[in-house]
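Residue numbers (the numbering used here), protein chains in the order written: chain A, 59 to 1005; chain B, 10 to 299. Positions of the beta carbon are idealized from the N, C-alpha and C atoms, including for glycine. Owing to the predicted nature of the structure, the values given are computational and were not obtained by experimental measurement.
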Ligand SMILES: Cc1cc2nc3c(=O)[nH]c(=O)nc-3n(C[C@H](O)[C@H](O)[C@H](O)COP(=O)(O)OP(=O)(O)OC[C@H]3O[C@@H](n4cnc5c(N)ncnc54)[C@H](O)[C@@H]3O)c2cc1C
Ligand code: FES
Ligand code: FES
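Structure follows, in structure tokens:
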């Protein structure tokens, strides 16, 4: 190994001389040697830009520069931007505009912007889009990033506060002091300054590193494993294989725990975990992996869900008769009488649509850090997780550790979108290796390993049949879906149900039949991805509805409005729709988009399309049987009375729950937002919350928080009542005062009351919990999936340009009208919508994980698996159409997932309007469009392309 | 830290002469040095574990390899010029707008700040965005070794998929772009997978010289349609002596479709590339008409 080299350079104005190995990158120099962890690692391939630093004033990817090559240069990292604790105006602009969600891309983004404003103080929007093309943001905060940079000068010399940035970001209609106001994100300042620590930024004394050996074969039996060479390598502290891990299988759905921590005898996809190593550094661990000799007996493999179904197909889980024929999950739902429904229709049409395997691709790779404590067998686990509670349960169950001995901490998480909602081999191996070595073990995936671990969207093959009356009313719907599940179950049982359960929530469907078949294949397992199971069937539905509207000579909006869901409806599959402004979203989107002037009237190559969507506001039932309330909160009033701390283990992964939950607390308590502290997401500090999935946190966590706040409030009102000599019931709190409702001038300072309460009786604590109504759902198999206390609804209209020469599609502008109940924070709300729209654009036009004939992935990187950049960002107008949801806190529902659902169909419809090519297979690539155009030129009026 | 990187050694010599000597001397030995400029290609291979453990010869500090110089025979662009510089360079923008345009399409800003033109050439990917432009501009590549320099026409530089006449002991020193002839229109278009930081599906560069209303010289160069960047003489011939009419353009496109044989890969399909390449020629001709 090369000896160390002395590198001298200036970092953030300070001269540094460091001895580094020749292979050290500038990225590792700043992160590891200087502990400047604001410089992030997202890909190490120059693709994501999260590692951007300024080198002699110019942005470079620090992962692609050797430290040696940076010798003599001047380097600025994000930590170098603030001066004497005062954030740079750009950083303040990012905070105030809500130009970040998970924050993982933010330091790089800000540094690229810094280089821009240094060369051009008043950049145009076009300049910004040019310059930020190499900074990928999966949360797609792009529209807000542009606004923040455009306005950076406004923040010069202005101190940072939490107040909403503009009057429009304040609820005008309701008399709320905090809810409905676009207060700045709780985590904003830490994320723009590089202070926020993500799992892989944590460094513990004695920490070592783990790596996992993956199968190179898609299907094989393990004949033998020889680890002697690896164990002998200096620096290696532990090596484990399937023989060293429990027999217990793990997974997500209790009905289908089908994974071993490391393969016992069979590997089922390229990437299946075979062995793991812990060593003093990652290099040594990786070298050790290469010394492990595995003898495989390669078996035939199957990579296609329909092939997997055929007799004679290789069996992927032969050990369990439940999975005969490679069927992982079968759903057979029949509501009403579809035959009767179709008989009543004037037009029945059936078409096949095919989705794609899309990957969540958060910019932060998965990471996990385990440490066993010295007193008692106690474990601390830091993990990039969306679901700390399920992680704790699963680690306990799989590794046979009492739950009470496990502490799970969720540091900042750089986006998840579903992929971090399950226990990973990293978590489990880190725990085992830490126990064996007595050292803290850090494990993370590379970008490539993330793609192989996968748990992305299921590719669905959908045969959809709809019956319509001449006036457009739906008489019946039949859907047959085959889902490619990959080698393991993950969330797949639930996915297979969701793919069917959510179709009847938008439109009234009298008769509905759904047959779902989730198949095992020798591909990486599929899991839950934003909109869980729903975007592809919704794409199919919205596409077919448009096709049939055309057949009947009806306007797509008229058909949708005719069938639109109304409040207080029980759907044919026994889901209870409570609040619902779907109709209003349709009417308003139609108006605002200029539909009447544009539909069918734009020049060739330009088109407009509509799609609708919606989602649950939290799953009605937990993933495993549990009687615990789903969300639980504690509020502790500080003895000074000047602040409160909110304890809730809801996982903010960028969506903003650490902001809206304190808002709800502040509103109910009657104090300003900035008096609420958030306790870290740590199982020793806060009671169970099921986590961030199924768009559940605002409604469920919010209800628990509100209840805890009411509890505190009632205690304080009693004290205040005594002090003011009046009935507590006559009192209320707002803006840090407790006063008589009828005579607001008669009152007392909130903090004073709180301090007095503490003096009288010790700690003032409130608790709250929430569980959904236990009556949700029908009494049939799978009747629980799709249940929720409330549903969101939206209408999305977009305009596209299709380049008739190349088939390239650009989404130019769009409007989204969403009913998410009361908007708790307009900034995070619209941020979610914008992010969902852009992610939906990626899913529709760009994204697909492609497997080769041997099961390896052709595009396991951000170079060839393309996610939208700032250049793909259209003009987005997002409008809230507020309903009041009686089951939600202050009337709130969900926005995070529903916002993605309508996009796919809307774009497909717009592409058709633009050029007459109907693409039924995702993604809608230029290749498919051009092929369609060619068929069209060859004589057909409107080509329908399937491939 | 990547395992593939772990045993690398980086050699840095104080000047060009010594660098060239180090390269030449190592070429015969067991561990030939590999030149490293911006590193933007090398790091991708390193990270993918695709390179054996190697020793690198750092070029980045060699200012002798920087500069865009006006010479009687044309403009000489030195090896380490980055695409960020070429995108902005006034001389390049004025005389070789197609190169400035191509430079602005390479990767994103961070990449452009490190990626060098010599790296693009030496890496030799058929998708290299500057390569069709160099071909269409009749570039000549100056190669140096410690013993002697030599100049090679870019049209004879590549010998196959990512192989070239450059000997491992040679460095790319600079690129000479002859002055464009009067009446020449340059055209560049990259059809990529995405709008920012995209790899080409098809990339085209053309120079079309028109005198007295007729085409006297045409260069049509394409990237991402073959194992190397290619010129399409049959399509060029279709334009020679002709007026720039849609008919001439479609004849050029027809011949082009006959003479190239692209492949399917993760970025596109052969059929699509063929269609798009043909259309791009027509667009290039239409552009020259303006
Ligand atoms: C995220 C990303 C996006 C990219 N996008 C594009 C794109 O859009 N278009 C495009 O064309 N390319 C793209 N590239 C590829 C790359 O940036 C270019 O090919 C670049 O020009 C390489 O230059 P470099 O200086 O970084 O080369 P290096 O990586 O330093 O070297 C590349 C090769 O050239 C050799 N070499 C370098 N200099 C010399 C010299 N003077 N003499 C002899 N040999 C030499 C090296 O030994 C090596 O084999 C991208 C790369 C990344 C990582
Ligand atoms: S980590 Fe450097 S570009 Fe992604
Ligand atoms: S905020 Fe940009 S990746 Fe999450």
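Residue-chain proximity (residue i, chain B), Cβ-Cβ < 7 Å
i: residue 1004/A; result: Annotation note: pLDDT 45 at residue 1004/A (below 50); position unreliable, no value reported.
i: residue 279/A; result: no
i: residue 196/A; result: no
i: residue 918/A; result: no
i: residue 326/A; result: no
i: residue 864/A; result: yes
i: residue 68/A; result: no
i: residue 102/A; result: yes
Residue of the options minimising C-alpha distance to residue i
i: residue 205/B; options: 238/B, 115/B, 273/B and 177/B; result: 115/B
i: residue 670/A; options: 162/A, 677/A, 646/A and 126/A; result: 646/A
i: residue 541/A; options: 179/A, 628/A, 483/A and 365/A; result: 365/A
i: residue 243/B; options: 227/B, 254/B, 99/B and 80/B; result: 227/B
i: residue 635/A; options: 942/A, 954/A, 183/A and 139/A; result: 942/A
i: residue 39/B; options: 47/B, 23/B and 177/B; result: 177/B
i: residue 68/B; options: 26/B, 169/B and 195/B; result: 26/B
i: residue 419/A; options: 920/A, 939/A, 498/A and 995/A; result: 920/A
i: residue 321/A; options: 746/A, 781/A, 121/A and 272/A; result: 272/A
i: residue 633/A; options: 640/A, 641/A and 623/A; result: 623/A
i: residue 953/A; options: 369/A, 940/A, 535/A and 300/A; result: 940/A
Neighbour flag for residue i against chain A, beta carbons, 7 Å
i: residue 50/B; result: no
i: residue 122/B; result: yes
i: residue 129/B; result: no
i: residue 53/B; result: yes
i: residue 278/B; result: yes
i: residue 202/B; result: yes
i: residue 114/B; result: no
Bridge partners - residue i, DSSP secondary structure assignment
i: residue 791/A; result: 796/A
i: residue 536/A; result: 523/A and 571/A
i: residue 393/A; result: 570/A
i: residue 143/B; result: Partner(s): none; residue 143/B has no beta bridge.
i: residue 212/B; result: 199/B and 232/B
i: residue 577/A; result: 385/A and 542/A
i: residue 584/A; result: None; residue 584/A has no bridge partner.
i: residue 801/A; result: 798/A
i: residue 90/B; result: Answer is none; residue 90/B lacks a bridge partner.
i: residue 851/A; result: 877/A
i: residue 826/A; result: 691/A
i: residue 428/A; result: 439/A and 499/A
Closer than 7 Å to chain C by CB, residue i
i: residue 508/A; result: Among the protein chains of the structure shown, namely A and B, there is no chain C.
- May I ask you to verify whether the segment 520-540 of chain A touches the segment 407-418 of chain A, counting CB pairs closer than 8 Å and requiring at least 3? Between the segment 520-540 of chain A and the segment 407-418 of chain A, the count of Cβ pairs shorter than 8 Å is three or higher; the stretches touch.
- Task: May I ask you to verify whether the segment 787-796 of chain A touches the segment 807-815 of chain A, counting CB pairs closer than 8 Å and requiring at least 3?
- Result: With a cut-off of 8 Å, the segment 807-815 of chain A and the segment 787-796 of chain A count as touching, because enough Cβ pairs lie within range.
- At which residue ranges does the segment 293-348 of chain A contain complete beta strand (DSSP E) runs of 3 or more residues, listed in the order of the chain? Assignment of beta strand (DSSP E) within the segment 293-348 of chain A, counting only whole runs of 3 or more residues, yields 294-299 and 331-337 in chain order.
- Can we say the segment 847-855 of chain A touches the segment 899-909 of chain A, given the rule of at least three CB pairs closer than 8 Å? In this structure the segment 847-855 of chain A does not touch the segment 899-909 of chain A; the number of beta carbon pairs closer than 8 Å is below three.
- Identify every run of the alpha helix (DSSP H) within the segment 135-192 of chain A, keeping only runs that are complete inside it and at least 4 residues long; order them along the chain. Within the segment 135-192 of chain A, complete alpha helix (DSSP H) segments of at least 4 residues are found at 147-155, 164-177 and 183-189, given in chain order.
- Query: Just checking, does the segment 814-822 of chain A make contact with the segment 830-839 of chain A on the three C-beta pairs under 8 Å criterion?
  - Reply: Here the segment 814-822 of chain A does not lie against the segment 830-839 of chain A, with fewer than 3 beta-carbon pairs under 8 Å apart.
- Flag this pair as touching only if the segment 133-149 of chain B and the segment 230-240 of chain B have three or more C-beta atom pairs under 8 Å; answer yes or no. Per the Cβ contact rule, the segment 133-149 of chain B is in contact with the segment 230-240 of chain B (3 or more Cβ pairs under 8 Å).
- Query: Whole beta strand (DSSP E) runs in the segment 154-207 of chain B with 3 or more residues, listed along the chain?
  - Reply: Qualifying beta strand (DSSP E) stretches, in chain order: 158-162, 167-169, 180-187 and 193-201.
- Sequence ranges, beta strand (DSSP E) only - wholly within the segment 728-772 of chain A, length at least 3: Taken in chain order, the unbroken stretches of beta strand (DSSP E) that lie wholly in the segment 728-772 of chain A and span 3 residues or more are 734-736.
- Message: Can you confirm whether the segment 348-361 of chain A touches the segment 286-297 of chain A when touching is taken to mean that 3 or more C-beta pairs between the two stretches lie within less than 8 Å?
- Response: Between the segment 286-297 of chain A and the segment 348-361 of chain A, the count of C-beta pairs closer than 8 Å reaches three or more; the two stretches touch.
- Message: Three Cβ pairs or more, each shorter than 8 Å: is that satisfied between the segment 148-161 of chain A and the segment 242-257 of chain A?
- Response: The segment 148-161 of chain A is in contact with the segment 242-257 of chain A.
- Segment contact flag, the segment 547-560 of chain A with the segment 590-597 of chain A, C-beta cutoff 8 Å, min 3 pairs: Taking 8 Å as the limit for Cβ pairs, the verdict is that the segment 590-597 of chain A does touch the segment 547-560 of chain A.
- Using 8 Å as the threshold, is the segment 716-726 of chain A in touch with the segment 169-176 of chain A, meaning 3 or more CB pairs across them? The segment 716-726 of chain A vs the segment 169-176 of chain A: no contact.
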